[in-house]
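Trainee: Encoded as structure tokens, here's the structure I'll be asking about.
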Amino acid sequence: MPPLTIKPADSCRFDEASLGEVMLRLDPGDGRVRTTRTFQAWEGGGEYNVARGLKRCFGLRTTLVSSFVDNEVGRLLEDLIYTGGVDQSFVQWRKFDGVGREARNGMNFTERGFGLRGAVGCSDRGHTAASQMKPGDIDWDELFGKQGVRWLHTGGIFAALSDTTPAVVEEALTKAKEHGVVTSYDLNYRPSLWKAIGGHERCQEVNRRLAKLVDVMIGNEEDFTACLGLEVEGVGDGHKELPLDAYKRMIERAVKEYPNFAMTATTLRAVKSATVNDWGALAWHDGQFYEATQRNDLEIFDRVGGGDSFASGLIYGMLTTGDPQQAVEYGAAHGALAMTTPGDTTMASLAEVEKLVAGAGARVDR
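Taking UniProt numbering, the leading residue of the sequence shown gets 1, the next gets one more, and so forth.
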């Protein structure tokens, strides 16, 4: 298997770059989308959440590669991203046509769920600026070469936005490889996104092609089977709790199929209710498995973004320690903490993550 060779921090302007779409999340709080009269506004997006976590929680230097329409909603997204500290110098701005016929900014209505009522998301993201990105839009030689990036993260959500975004991902991963940038990809299977552009068949065709360019592959058990077609006995039902050995067989199948994977990781989630989950994580690197501390009966406030926060903790651990066990522990702890607060993005601090990794509980800290 290939080694995971990471550039030294002092040779690059950015520790990590994320390629993906950022949407405005409208959150009804404790209520429901269909009955609320007020919304809390957040920003969020699968790939972006990783960059924000690495910056806001872990203090690393991150940048976003995306596209917005230059109107009041786009500038609100810009302002929210400023709060998270992620660099936006590689965000494209498209002219607003006054209505949004040519391009618009995406929105995501998401309610948290409670008990027997699961979380519900309703996206409004057709014809967005990010979905219309195409190869040649971004000067990757400038970003990866002149300015320097240690790690690129992207994923299956951005790849599923349109007929052109898979080619943008492929271009980015290829250029990253040329410049010695480590690449990670979160499969993040969303059937609703693939439905209008070829469905499940197109999903597998795209993801199987892109997987050959990835160093670190991340996903849950449904992602690996749905996106990569890796059929493993006992694996594939995203609503079924799996034994640990089933996850290991799934990862072993993945690294056999894709020998370019230097590291593979998955969260271990058993959903008891919308507000109580068992939570853990498993990583494979250099022929060995590394399991994070299992946290059973974890109380969930808002589960959206938990997997992204796992990814950012995992990346932080590899960038700073190079120790897979430490990395998977950081990822699992950060994901657990992120799900105790509202919004897609983390509100945790590095000190809180390290405290949880060390085995601390939830006693009052004063």
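Glycine is no exception: its CB is placed at the ideal position from the N, C-alpha and C atoms.
(1) Between Leu213, Asp70, Phe301 and Ser67, which lies nearest to Arg117 when the distance is taken from Cα to Cα?
(2) Just to confirm my understanding: we take Thr340, look at its own chain, exclude 5 residues before and 5 after, and list those with CB closer than 6 Å. What are they?
(3) Can you look up Gly238 in the DSSP assignment and give me helix, strand or coil?
(4) Looking only at its chain, what residues have a beta carbon closer than 7 Å to the beta carbon of Thr165, apart from the 5 residues adjacent to it on each side?
(5) Can you tell me where the alpha helix (DSSP H) with Phe224 in it begins and where it stops?
(6) Please state if the CB of Val73 and the CB of Asn49 are separated by a distance shorter than 7 Å.
(7) Going by beta carbon distance, what residues of the same chain come within less than 7 Å of Tyr247, once the five residues before and after it are set aside?
(8) Pair every Cβ in the stretch 91 to 109 with every Cβ in the stretch 9 to 19, then say whether three or more of these pairs are closer than 8 Å.
(9) Report, in whole angstroms, the separation of the C-beta atoms of Asp15 and Arg61, which I expect to be a contact under 8 Å.
(10) Please confirm if the stretch 23 to 43 is in contact with the stretch 285 to 299, defined as three or more CB-CB distances below 8 Å between the two stretches.
(11) Mind listing, in chain order, the continuous beta strand (DSSP E) runs of no fewer than 3 residues lying wholly within the stretch 69 to 131?
(12) Among Ala176, Ser192 and Cys203, which one has its Cα closest to the Cα of Ser123?
(13) Contact defined as beta carbons within less than 8 Å: I believe Phe90 pairs with Leu24. What is the distance between those atoms, to the nearest angstrom?
(14) When DSSP labels each residue in this structure, what does Ile300 get in the three-state scheme?
(15) Would Leu54 and Tyr316 be called neighbours here (beta carbons separated by less than 7 Å)?
(16) Please say whether Asp308 and Gly46 have beta carbons closer to each other than 7 Å?
(17) Can you list, in chain order, the stretches of the beta strand (DSSP E) that have 3 or more residues and sit fully within the stretch 260 to 303?
(18) In terms of alpha-carbon separation, which member of Val99, Gly115 and Val120 lies closest to Phe109?
(19) Whose C-beta lies closer than 8 Å to the C-beta of Ala254 among residues of the same chain, with five residues either side of it excluded?
(20) In angstroms with no decimal places, state the Cα-to-Cα distance between Ala172 and Gly155.
(21) Does DSSP put Phe310 in a helix, a strand or coil?
(22) For Gly136, is the classification buried or exposed, using 16 other Cβ atoms within 10 angstroms of its Cβ as the cut-off for buried?
(23) Can you check DSSP and say which residues form a bridge with Gly44?
(24) For His153, which beta-bridge partners are listed by DSSP?
(25) Which residue comes first and which comes last in the beta strand (DSSP E) that contains Ile218?
(26) Does DSSP put Thr62 in a helix, in a strand, or in coil?
(27) In the DSSP assignment, find the alpha helix (DSSP H) that holds Met250 and state where it starts and stops.
(28) Where His239 and Leu76 are concerned, what is the direct C-alpha to C-alpha distance, given to the nearest angstrom?
(29) State the start and end residues of the unbroken alpha helix (DSSP H) segment that holds Pro166.
(30) Can you give the beta carbon distance from Lys95 to Asp70, rounded, assuming they're within the 8 Å contact cut?
(31) Just to confirm, are Asp344 and Gly305 a CB contact at a threshold of 7 Å?
(32) In whole angstroms, what is the alpha-carbon distance linking Val271 and Trp279?
(33) Can you list, in chain order, the residues of its chain whose CB lies under 6 Å from that of Asp215, leaving out five sequence neighbours each side?
Mentor: Quick look at the numbers:
(1) For this step, residue 117 is matched to residue 117 along the sequence shown. The residue with the shortest Cα to Cα distance from Arg117 is Phe301.
(2) Here residue 340 is taken as the residue at index 340 of the sequence shown, counted from 1. These residues qualify, in order along the chain: Phe301.
(3) Here residue 238 is taken as the residue at index 238 of the sequence shown, counted from 1. Annotation note: pLDDT 49 at Gly238 (below 50); position unreliable, coordinate value reported separately. Correct three-state label for Gly238: coil.
(4) Reading the sequence shown from its first residue, position 165 is the one you call residue 165. Answer for Thr165: Ser131, Met133, Phe158 and Ala159, listed in chain order.
(5) One-based indexing of the sequence shown puts residue 224 at position 224. Unbroken alpha helix (DSSP H) run through Phe224: Glu221 to Leu228.
(6) Here residue 49 is taken as the residue at index 49 of the sequence shown, counted from 1. Here residue 73 is taken as the residue at index 73 of the sequence shown, counted from 1. Not a contact, by the Cβ cut-off of 7 Å.
(7) Against the sequence shown, residue 247 aligns to sequence position 247. The answer, listed in chain order, is Glu221, Thr266, Leu268 and Leu282.
(8) Taking 8 Å as the limit for Cβ pairs, the verdict is that the stretch 9 to 19 does not touch the stretch 91 to 109.
(9) Here residue 15 refers to the residue found at position 15 when the sequence shown is read from its first residue. Here residue 61 refers to the residue found at position 61 when the sequence shown is read from its first residue. About 5 Å; that satisfies the 8 Å criterion.
(10) no
(11) DSSP runs (the beta strand (DSSP E)) wholly in the stretch 69 to 131: 87 to 95, 107 to 111 and 120 to 124.
(12) Here residue 123 is taken as the residue at index 123 of the sequence shown, counted from 1. Of the listed residues, the one whose Cα sits closest to Ser123 is Ser192.
(13) Start at 1 with the first residue of the sequence shown, and residue 90 comes out as number 90. Start at 1 with the first residue of the sequence shown, and residue 24 comes out as number 24. Actually they are not in contact, since the Cβ atoms of Phe90 and Leu24 sit about 20 Å apart, beyond 8 Å.
(14) For the purposes of this step, residue 300 is identified with residue 300 of the sequence shown, where counting begins at 1. Residue state, collapsed to three classes: coil.
(15) Here the question's residue 54 lines up with position 54 in the sequence shown. Here the question's residue 316 lines up with position 316 in the sequence shown. The answer is yes: Cβ separation under 7 Å.
(16) As a working note, residue 46 is residue 46 in the sequence shown. As a working note, residue 308 is residue 308 in the sequence shown. Between Gly46 and Asp308, the C-beta gap is smaller than 7 Å, which places the two residues in contact.
(17) 263 to 273, 276 to 285, 288 to 291 and 295 to 299
(18) By one-based count along the sequence shown, residue 109 stands at place 109. It is Val120.
(19) Taking the first residue of the sequence shown as position 1, residue 254 is located at position 254. A distance below 8 Å between beta-carbons, with the five flanking residues on each side excluded, links Ala254 to the following residues of its chain, in chain order: Met217, Phe224, Leu228, Leu230, Phe261 and Thr264.
(20) As a position in the sequence shown, residue 172 is number 172, starting the count at 1. As a position in the sequence shown, residue 155 is number 155, starting the count at 1. One C-alpha to the other measures close to 11 Å.
(21) Start at 1 with the first residue of the sequence shown, and residue 310 comes out as number 310. DSSP places Phe310 in the helix class (H, G or I) of the three-state scheme.
(22) The sequence position of residue 136 within the sequence shown is 136, counting from 1. Here Gly136 is exposed, its C-beta having fewer than 16 other C-beta atoms within 10 Å.
(23) The residue labelled residue 44 in the question sits at position 44 within the sequence shown. Within the DSSP secondary-structure output, Gly44 pairs in a beta bridge with Met23.
(24) The residue you call residue 153 lines up with position 153 of the sequence shown. In the DSSP output, where bridge partners are listed per residue, His153 has Ser18 and Ser184.
(25) The sequence position of residue 218 within the sequence shown is 218, counting from 1. Unbroken beta strand (DSSP E) run through Ile218: Val216 to Ile218.
(26) Here residue 62 corresponds to residue number 62 of the sequence shown, with the count starting at 1. Here Thr62 sits in strand by DSSP.
(27) If you number the sequence shown from 1, residue 250 lands on position 250. DSSP places Met250 inside the alpha helix (DSSP H), whose first and last residues are Leu244 to Glu257.
(28) To locate residue 239, count along the sequence shown from 1; it is residue 239. To locate residue 76, count along the sequence shown from 1; it is residue 76. With a pLDDT of 48 at His239, under the threshold of 50, the modelled position of that residue is not reliable, and no figure is offered here.
(29) Counting from 1 along the sequence shown, the entry for residue 166 is found at position 166. Residues Thr165 to Glu178.
(30) Numbered from its first residue, the sequence shown carries residue 95 at position 95. Numbered from its first residue, the sequence shown carries residue 70 at position 70. About 6 Å separates the beta carbons of Lys95 and Asp70, which is inside the 8 Å limit, making them a contact pair.
(31) Numbered from its first residue, the sequence shown carries residue 344 at position 344. Numbered from its first residue, the sequence shown carries residue 305 at position 305. Yes, Cβ-Cβ distance for Asp344 and Gly305 is below 7 Å.
(32) As a working note, residue 271 is residue 271 in the sequence shown. As a working note, residue 279 is residue 279 in the sequence shown. Approximately 9 Å between the Cα atoms of the pair.
(33) Your numbering for residue 215 matches position 215 in the sequence shown. Closer than 6 Å at Cβ, skipping near neighbours: Val182, Thr183 and Ala262.
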